[in-house]
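Trainee: In my numbering, the protein residues as written are 80 to 804. Each residue gets a CB set at the ideal place from its N, CA and C atoms; glycine is no exception.
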């Protein structure tokens with residue numbers, strides 16, 4: 080019987096820690112938040128200006144709660160070992176209440192990495208739960224519940240069913256909508272540049288008639304051609320040659336936001352996928368030295384590096400790369416609210432190289448570990464050095480500038496990324512006189528701002544102080560799940576309903592979508608965590624003005640729902656029928672809803688006949704319109720109720736289902752096109768990309784054709800192995 084009980088969050092973490100400890104310890108997992116606000120009610124009781132959360136053990140945690148209580152009764156010592164952030168602190172607080180213990184009486188252990196040494200050190204230096212951080216998390220949870228439960232029903236009533244609003248979610252959505260507005264309103268501006276060719280290299284015209292040229296100074300083709308014709312016959316003198324050494328600084332190690340951004344641009348991972356893989360690497364994976372965590376905690380906004388880790392990196396670089404590359408460096412984040420007690424994301428042991436793990440990790444795990452590993456090593460290496468050259472060719476009418484550079488010392492580029500290609504220049508001498516080989520004019524147009532990618536939106540949220548490391552990925556996932564944004568070509572496109580929602584919130588709830596207001600709320604939560612602000616007072620300051628706006632909204636916001644009278648009466652209750660707008664378009668419904676729930680699809684008055692016979696009765700089929708669009712129906716309705724899709728799914732003729740041999744059909748969903756077995760639901764085969772009749776060299780499963788990094792490749796549907804076509 081174990082005398083000491085350690086309670087963590089995840090089963091994977093529990094297994095890893097158990098490997099490091101003896102028989103006196105039992106390690107169990109709460110599997111995340113064991114208590115939460117109820118899903119089906121507001122869950123906050125307000126008495127005497129106090130906000131009392133009505134926590135419940137969640138339905139899927141009932142058996143876990145029972146197990147924890149039983150094990151806690153038998154243990155002499157109970158350690159709380161949840162993650163060292165506000166969520167982890169709050170989970171520990173809820174666990175204490177579930178097992179009937181005073182939260183302040185339980186030893187709390189923390190660690191940034193899951194290794195034997197880190198766990199043993201943590202057990203030697205326990206602390207107590209930080210109630211200020213617990214209260215900061217409770218304040219965040221209650222704030223989000225107040226906004227969600229009070230504002231979302233208003234949007235549902237006034238705009239459309241199925242909508243939601245949130246404190247961080249709505250501020251993020253406004254950024255996406257505002258960017259789309261900029262793009263729609265953008266008017267391209269024409270401008271021209273002049274380039275001269277000397278010794279087969281190109282230079283830019285930077286002065287004309289003694290005046291420095293700005294970007295938009297040459298506005299038309301006629302102006303550009305006039306300048307070209309003037310300058311082309313002239314001779315130019317090399318008036319000045321500049322040579323100087325420049326440096327490119329080594330990058331800081333990763334924190335959550337920068338990891339998500341670089342994994343998106345370099346590996347094509349979504350923020351959600353990045354965090355899921357990082358969680359596995361942190362909690363423990365199989366390695367040559369046993370099951371252990373191989374990166375430090377991945378939800379962090381700190382750039383701190385432990386002294387021991389830095390020394391290990393420096394020694395590794397000296398021994399394996401070269402002493403001339405090593406340089407100990409420290410980094411500080413620009414975020415004033417960063418939790419500096421945390422560390423940056425780094426490998427637990429630099430001696431465990433990506434090459435050592437290639438037979439232990441999955442392909443995606445190895446890619447992310449390599450990214451983290453190389454970035455950390457690069458952060459402790461010297462800057463790269465370049466020699467830059469600027470050549471100025473001048474006469475009385477104009478001046479051209481030719482620029483080039485060459486790499487002198489690769490520095491951190493030795494392990495991380497590649498320097499831009501050298502643009503070495505031919506030999507020029509001051510006073511040398513040259514005639515241009517050519518002078519040409521190039522037309523340009525200003526471009527609209529780029530739509531946000533998942534990575535660039537995270538960068539923007541971080542710069543504005545909206546949300547925290549743990550909220551970025553869930554926020555973007557929520558925007559997609561609510562159909563507020565669609566991802567096309569890796570860019571975030573707001574849907575029509577997103578504009579409706581943001582326009583309503585801007586007019587009636589400006590603070591909810593205001594970046595500064597949302598950032599100020601985050602700062603107040605940070606003040607609560609530091610013990611400088613009362614969490615109940617903060618909730619009171621927000622709640623009372625917010626509820627007045629909610630009441631006002633129900634009275635003043637006009638309904639955007641369509642309810643046109645049809646001139647018909649409901650066959651079930653006799654009230655007028657109206658046309659309403661739903662998720663799948665317009666339909667006919669009773670005006671006495673919700674007392675009467677009669678609905679029917681809108682059918683066109685003149686049915687379109689098609690050259691298709693009903694396969695049940697032989698009558699002609701006609702095109703009708705329903706909630707989900709047009710479809711084929713038997714003209715002999717209601718005697719024959721046979722229907723068919725107007726455009727039946729496309730069957731792939733050259734390939735069969737690898738699971739059951741059935742047809743593979745091209746289908747559509749709200750998330751885009753995909754390929755599935757025609758025998759669904761008996762067969763669950765599915766592929767995001769177009770299957771082809773070729774087997775994977777690694778696992779023997781079916782391959783699919785897709786575009787990856789602008790190249791067409793074949794990718795295994797099962798193991799994701801790729802090969803070029």
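1. What is the DSSP secondary structure of residue 571, reduced to helix, strand or coil?
2. Compute every distance between the C-beta of residue 615 and the non-hydrogen atoms of the ligand ADP, then say whether any falls below 7 Å.
3. Under 7 Å Cβ to Cβ from residue 213, same chain only, skipping five residues before and after it: list those, please.
4. Along the chain, where does the alpha helix (DSSP H) containing residue 255 start, and where does it finish?
5. Starting from the C-beta of residue 524, find all residues in its chain whose C-beta is less than 6 Å away, skip the five residues before and the five after it, and write them out in chain order.
6. Does residue 364 come out as helix, strand or coil in the three-state DSSP assignment?
7. Quick one: grab the DSSP three-state call for residue 797.
8. Return the CA-CA distance between residue 352 and residue 552, expressed in angstroms with no decimal places.
9. Should residue 123 and residue 133 be called a contact, given that it needs their Cβ atoms to be closer than 8 Å?
10. Suppose the cutoff is 6 Å on Cβ atoms and the five residues either side in sequence are ignored; what does the same chain contact list for residue 444 look like?
11. Given 8 Å as the limit, is there contact between the stretch 198–210 and the stretch 218–230, that is, 3 or more CB pairs closer than that?
12. In terms of residue numbering, what span does the alpha helix (DSSP H) encompassing residue 376 cover?
13. DSSP state of residue 198, grouped into three classes?
14. Relative to the C-alpha of residue 381, which residue among 394, 339, 346 and 333 is closest?
15. Could you tell me the boundaries of the beta strand (DSSP E) in which residue 321 lies?
16. Can you find at least 3 beta carbon pairs, one from the stretch 319–328 and one from the stretch 296–309, that sit closer than 8 Å?
17. Which residue or residues does DSSP assign as beta-bridge partners of residue 103?
18. If you draw a straight line from the alpha carbon of residue 679 to that of residue 668, how long is it in whole angstroms?
19. What separation, rounded to the nearest whole angstrom, lies between the Cα atoms of residue 695 and residue 721?
20. Considering only residues of the stretch 502–571, which uninterrupted beta strand (DSSP E) runs meet the minimum length of 3 residues and lie entirely inside it, listed in chain order?
21. Just how far apart, CA to CA, sit residue 507 and residue 790?
22. For residue 304 and residue 291, what's the separation of their Cα atoms in angstroms?
23. Hey, out of 329, 590, 391 and 87, whose CA is closest to residue 35's CA?
24. If I'm right that residue 128 touches residue 549 with Cβ under 8 Å, what's the distance once you round it to whole angstroms?
25. Report yes if the C-beta distance between residue 439 and residue 365 is below 8 Å; otherwise report no.
26. Would you call the stretch 323–332 and the stretch 513–524 touching, i.e. three or more CB-CB distances under 8 Å?
27. Buried or exposed: which applies to residue 765, given that a residue is buried once 16 or more other Cβ atoms fall within 10 Å of its Cβ?
28. Can you give me the Cβ contacts of residue 738 inside the same chain, cut-off strictly under 6 Å, excluding the 5 residues immediately before and after it?
29. Just to confirm the assignment, what range does the beta strand (DSSP E) spanning residue 282 have?
30. Look at the Cβ atom of residue 178, then the Cβ atom of residue 147, and state whether they are nearer than 8 Å.
31. Helix, strand or coil, according to DSSP, for residue 609 in the structure here?
32. Using a Cβ-Cβ cutoff of less than 6 Å, which residues in the same chain neighbour residue 220 once the five nearest sequence positions on both sides are dropped?
33. Between which residues of its own chain and residue 262 is the CB-CB distance below 8 Å, once the five residues before and five after are set aside?
34. Can you tell me the Cα-Cα spacing of residue 609 and residue 547, whole angstroms?
35. Classify residue 209 as buried or exposed, calling it buried when 16 or more other Cβ atoms lie within 10 Å of its own Cβ.
36. For residue 77, which residues from the same chain have a beta carbon less than 8 Å from its beta carbon, with the 5 sequence-adjacent residues on both sides left out?
Mentor: On the basis of the supplied data:
1. strand
2. For the structure depicted, the ligand ADP is absent and the ligand set is empty, with no information on it obtainable.
3. 168, 169 and 172
4. 246–264
5. 267 and 269
6. strand
7. coil
8. 9 Å
9. yes
10. 356
11. no
12. Unbroken run through residue 376: none, as it is neither H nor E.
13. helix
14. 333
15. 315–327
16. no
17. Per DSSP, none; premise fails for residue 103.
18. 7 Å
19. 7 Å
20. 517–524 and 564–567
21. 40 Å
22. 18 Å
23. The displayed coordinates of the chain run from 80 to 804. Any statement about residue 35 would go beyond what the structure contains.
24. About 29 Å; that fails the 8 Å criterion.
25. yes
26. no
27. exposed
28. 762 and 764
29. 280–287
30. yes
31. coil
32. none
33. 527, 528 and 530
34. 16 Å
35. buried
36. The structure shown does not extend to residue 77, since the chain is modelled only from 80 through 804, so no value can be given for it.
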